[in-house]
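The structure under discussion appears below in the form of structure tokens.
In the numbering used here, the protein residues as written are 2 to 206.
Set out below in structure tokens:
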């Protein structure tokens, strides 16, 4: 309304958003443990294979729909795995690539819209599907156990003070520096990926 009535256009500097996204995703992976990941065993391998299969299905469907509407096939990939698997952060990180290489000027809007759609749809479908599977296989809880994910039932408490906070902050920045170095190495090898994506991915892993 402000633009239509007065001609004043308000724009936002998104540099701070990109920096905070890097810190956010790197912080999530800061406390990751490779041994815990490997302990997933066969179920983890099955989950990874199923995820990869659905990634191909998403992209094939996305490109097919984009082709039906005479759109660039890259729009289908953007609305597929990039947004539905990667989420909002990955969609935003890849936006410059879609704009510069494929000329999709509204790549950010498409990616965010598809990621939001996937998030809402998954939230609405997850509960009913789980309920159907539980009833179909007649699953019942065997024992009542305390959850051990994200919780500790030990008597001792983790001490949080300025030294632990500064230590975590130092490690986080070192990880981000490592991620930036990895990106430069990949760029030198001819693999040019979004700077923010590689940085927080490298830091997280």
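By construction, the Cβ of each residue, glycine as well, lies at the ideal position given by its N, Cα and C atoms. What you are looking at is a predicted structure, and each value in this text was computed from that prediction instead of being measured.
Residues in its own chain within less than 7 angstroms of residue i by CB, not counting five upstream and five downstream?
{"i": "residue 74", "result": "64, 67, 68"}
{"i": "residue 78", "result": "60, 63, 64"}
{"i": "residue 166", "result": "none"}
For residue i, name the three-state secondary structure that DSSP assigns.
{"i": "residue 16", "result": "helix"}
{"i": "residue 70", "result": "coil"}
{"i": "residue 126", "result": "helix"}
{"i": "residue 107", "result": "coil"}
{"i": "residue 140", "result": "coil"}
{"i": "residue 192", "result": "coil"}
Just to check my reading of the structure: residue i and residue j have Cβ atoms closer than 8 angstroms, yes? What is that Cβ distance to the nearest angstrom?
{"i": "residue 113", "j": "residue 92", "result": "6 angstroms"}
{"i": "residue 86", "j": "residue 126", "result": "Not confirmed; about 16 angstroms, so no contact."}
{"i": "residue 76", "j": "residue 111", "result": "6 angstroms"}
Would residue i pass as a contact of residue j if the rule is Cβ separation under 8 angstroms?
{"i": "residue 30", "j": "residue 173", "result": "no"}
{"i": "residue 195", "j": "residue 94", "result": "yes"}
{"i": "residue 3", "j": "residue 9", "result": "yes"}
Apart from the five residues just before and just after residue i, which ones in its own chain have a Cβ nearer than 6 angstroms to its Cβ?
{"i": "residue 116", "result": "84, 88, 89, 92"}
Length-filtered (4 minimum) alpha helix (DSSP H) runs lying within the region 5 to 53: 16 to 29, 35 to 39
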